[in-house]
Each structure stands twice: as structure tokens, then as C-alpha cells.
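Numbering (my numbering), first residue to last: 14 to 485.
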């Protein structure tokens, strides 16, 4: 599932829609407020097959009237801005910029938190979809007869020895998930089994920042893998979106989370691996980049993206000079938890699709989660300034890179390995924002995918950049 353990927001009116993560996994979510239809249409846009967290990341704290002016690359005609940022705040039930937003953690103990940002608490249609649609893709008719919502509930009560079970707020299409808040546990009935070695490795590398996950045997011949995980304390990073009205007062917290993110990424280098998957991003990069560079959609509609792809293709051989490390497949905002008091990184969720790749492929997360906002597929970078006139984006970006290189200084050198690490960053981002499936799918999502790719890929550091902020 996209995220197991996140933070609370209250719910009112509901409107459900399907979404697809970068990894291809569908999630279910809903938005809320009396003005939800207008806000949902104007801000979230076509939500099918969008990134997990698209709605939250579309609501970051820039007044909509300002968005049209801060970046010349944004076409105001394409931004459906019928709703003001007040509508977005109302929809998400979050505080206005005049409040101390970063401390707006509804759970004062900062523990056992789940997000209600766009939730599906007990939504029967989605539960029905899992049992009546999703399971048919993986189970035989005989196996299907053995699985039902009632049977899963019964097994969950027996395994956890509790009646305190309910559906979580964000539900993935690849599992039927229940939570017990009193026990601090999550139980999942998954379509397919997790990679046990990857789950173990994640725990070894990141310790308490990864949920303790154990597989439990079900009744005889029960066909679904069953997992139990602990709840990690923290709030979702979406609740700590930079707000220009109080950026100076909150700067120390933003610096804390981006430097913690860099430290988190660097920890993987202390557990180097000897080989990567045959179909992983590292091994497939040359072939994948070649396919993209010849794709007619990009050739005809996105020549600037082709330049970025060609840059990565020309330097793909540098991936061989980097350590192979455990790499998260979807290091987006919904999968990162922070402490509500000091903004330290408390946990990273959803290791189902993690793999062994060249170091640096998740650096896109800095730019996607903390340095941009997204409206209708258009990416707008943070142009807020500190009191002394310095761009917030530059400060956070430089702090991240400085900490990243410090964290890996015993293995990598910014001068020697800088181009290789930026190549890995670019390959990871290209893989995240462009897929052959999306490019071959001639639907409305096609244009949205290109817009996201243009917005993000064009703003990432160039591989041969001479800017010292990436090498300090």
C-alpha cells in the first residue's frame, strides 16, 4: 500500500477516486469539504493514475494568485484555479498560513498516527473491489472461494487477539489492511508476498526508521500472504509544507527534515550489496534511456525532455562506479514520517518494491517533496525568500547536498563521484516520471505525465554542473 502510517486530519464530505502510484500500484483516496467538487476539479485534476499524494502536493502553501507569477514556465490558462488556497486548506482541514502550521499535529503524543488527508475509512466499494476484482488476477476460482472480508477479519482477530480492528485511512489496492490502534499494529492480507530479504535488509540498514514487519501463517491452505507491522510514530511530511508567510520562523524545521533525509539516504552506503536485479533500474538504464530517446511522443512533444534523457544516456556508464545499495521505490511525501516537534525523520514506509540499485536514485525526493508544488501537472518551484533576501530553495538544496556528501564522505567524494551521483539521481527521476506504459497509453493522463516530467526533470541539477552547492 502507498502508506501505512501517517497523520490525522478530520473528514467531512467525501468524494472517492482511484489513483496510481509511480510504482504502478493503485491507491484509494477521497477529498473533503463543502467545496470539494470545485477544489478537486481545479486543484487535483484528473486523479486517475496519478502519483500517491498528488492531492496533498497540489495544495502546498502558495496562494493561488501568486502561482501564476512565480514561474514563467507555468501556463496560467492551464491552471484551473477556480478555488483559492483557502478552499484547498478547507478541503484538507488544515490551518491557514497565519497559524503555526508545522506544529499542527492533531495527536499531541505524536504516536500511532494515521493520515486522513484523503482517506477511505471503511469505504465498502473499495473493499469490494479488492475481494471481487483484484483477487481474481492472482487467485484460482478454488482459492477465491476461501477468501472473503469476513474470513480476513476473523483471521486478523485471531492473530492479534483483539476486537479492536478497523480499516486504515489510506488503503492500497494490493492489500486488505486493518489496524489496531490499541495494540499499535497493522495487519495486511496482500495479493503477493513481500521480498523477505529486502524487508530484512531495510531493517538492518535503517533500524527503527522502518516498521518491524513479520509474516504470519494463515489457516491451512489460506492463499493470501499475511503480514503484521508495528506503527511508527510521526506525522506525514505533507503537514510540513513550506509556507512563505512564516518561512523564516520555521526555517530550522525545514532544514532539519531535508538534512535528515540526506542522512537517511546516506545510511544505505554502509551496507553495500554485491549485485542488482536483472530488471532493476541500474542494469536496465541504458536500454530504457535508449527506448525513451526514440519514443515518438517525446520526439514530437517534448524535445527538452529528450535533452535531459540524452544527458543521462551519455553518462549511464557512470552508474557502474557507484556502490549498490538498498533503494526505496517510492520515496514520496506520503511515505515519510516526521516528528511534530523537531521535524526529525522518524520513519519511511512501503518497502514492497524496494530494490538494489546504484546509490543516489532517490534524490529526486528532495525536489519533489520539499522544493516544489504541483498544480494540474505543472511544477512550480518554491520562490520564497528569507528576510535577508536569500531563496529558500537554494538554502534547503545546499543544506541537503552538504549533508549528503558528509554522510558518505568515507566512501564517495563529491569531486570524483559528483557526476555519477547526479546521473543516478537523474535516472531515478526519469524512471519515476516517465514510463513506457504511460507514453504508450494515449489517454488524458498522457499529457499530465509529460507535464510532470517537464516540470521536474528540467529543474534537477545537471550531471556536469559546476555549481558548488552540489559538491560541498
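We treat Cβ as the ideally placed atom computed from N, Cα and C, and that holds for glycine.
Contacting residues, own chain, Cβ-Cβ under 8 Å from residue i (five flanking each side not counted)
| i | result |
| --- | --- |
| residue 231 | 168, 237, 239 |
| residue 325 | 298, 302, 436, 439, 440, 443, 476 |
| residue 474 | 435, 438, 480, 483 |
| residue 227 | 240, 241, 242 |
| residue 90 | Any reading at residue 90 must be qualified, since the residue scores a pLDDT of 27, below 50, and its modelled position is unreliable; the value itself is stated next. For residue 90, where only same-chain residues beyond five positions count, there are no Cβ hits under 8 Å. |
Own chain partners of residue i with C-beta closer than 7 Å, once the 5 adjacent residues on each side are dropped
| i | result |
| --- | --- |
| residue 357 | 269, 273, 351 |
| residue 467 | 315, 317, 318 |
| residue 275 | 413, 416, 417, 420 |
Residues of its chain near residue i, where Cβ-Cβ distance is below 6 Å and the 5 sequence neighbours each way are ignored
| i | result |
| --- | --- |
| residue 113 | Its pLDDT being 37, under 50, residue 113 is placed unreliably by the model, and nothing is read from it. |
| residue 349 | 250, 361 |
| residue 322 | 302, 305, 306 |
| residue 143 | 189 |
| residue 452 | 308, 310 |
| residue 341 | 367, 375 |
| residue 191 | 169, 178, 200 |
Residue i - DSSP class collapsed to helix/strand/coil
| i | result |
| --- | --- |
| residue 359 | strand |
| residue 190 | strand |
| residue 281 | helix |
| residue 348 | helix |
| residue 276 | helix |
| residue 200 | strand |
| residue 354 | coil |
| residue 76 | Model confidence at residue 76 stands at a pLDDT of 30, short of 50, so the residue's coordinates are unreliable; what they give is reported in the following sentence. Of the three classes helix, strand and coil, the one that applies to residue 76 here is coil, per DSSP. |
| residue 404 | strand |
| residue 260 | helix |
| residue 462 | helix |
| residue 420 | helix |
| residue 109 | For residue 109, the predicted model reports a pLDDT of 32, less than 50, meaning its position is unreliable and no value from the coordinates is stated. |
| residue 249 | strand |
| residue 329 | helix |
| residue 473 | coil |
| residue 17 | Note that residue 17 scores 37 on pLDDT, short of 50, meaning its location in the model is unreliable; the coordinates nonetheless yield the value given after this. Three-state result, residue 17: coil. |
| residue 207 | coil |
| residue 398 | strand |
| residue 430 | helix |
| residue 236 | coil |
| residue 6 | Outside the shown range of the chain (14 to 485) lies residue 6, about which nothing can therefore be said. |
| residue 155 | helix |
| residue 319 | helix |
| residue 61 | Note that residue 61 scores a pLDDT of 26, beneath 50, so its modelled location is shaky; the value from the coordinates is reported in the next line. Three-state DSSP puts residue 61 in coil, outside helix and strand. |
| residue 414 | helix |
Cross-strand partners of residue i (DSSP beta bridge)
| i | result |
| --- | --- |
| residue 292 | DSSP output for residue 292 lists no bridge partner at all. |
| residue 286 | 337 |
| residue 380 | Paired residue(s): none; residue 380 is not in a bridge. |
| residue 179 | 192 |
| residue 386 | 393 |
| residue 241 | 200, 227 |
| residue 371 | 337 |
Cβ separation of residue i and residue j, assumed to be a contact under 8 Å, to the nearest whole Å
| i | j | result |
| --- | --- | --- |
| residue 345 | residue 222 | Wrong, their Cβ atoms sit about 16 Å apart, outside the cutoff. |
| residue 261 | residue 399 | 6 Å |
| residue 271 | residue 372 | Not a contact, Cβ separation roughly 18 Å. |
| residue 286 | residue 337 | 5 Å |
| residue 241 | residue 140 | Residue 241 to residue 140, Cβ: 19 Å. No contact. |
| residue 294 | residue 374 | 6 Å |
| residue 211 | residue 288 | Incorrect: roughly 13 Å between the Cβ atoms, too far for contact. |
| residue 160 | residue 148 | 6 Å |
| residue 217 | residue 280 | With a Cβ gap of about 10 Å, residue 217 and residue 280 do not count as contacting. |
| residue 152 | residue 175 | Not quite, the Cβ-Cβ distance comes to about 27 Å (not below 8 Å), so this is no contact. |
| residue 392 | residue 469 | 6 Å |
Assigned exposure category for residue i - 16 Cβ within 10 Å defines buried
| i | result |
| --- | --- |
| residue 381 | buried |
| residue 307 | exposed |
| residue 201 | buried |
| residue 363 | buried |
| residue 225 | exposed |
| residue 247 | buried |
| residue 433 | buried |
| residue 145 | exposed |
| residue 327 | exposed |
| residue 233 | exposed |
| residue 278 | buried |
| residue 401 | exposed |
| residue 410 | buried |
| residue 206 | exposed |
| residue 343 | buried |
| residue 312 | exposed |
| residue 423 | exposed |
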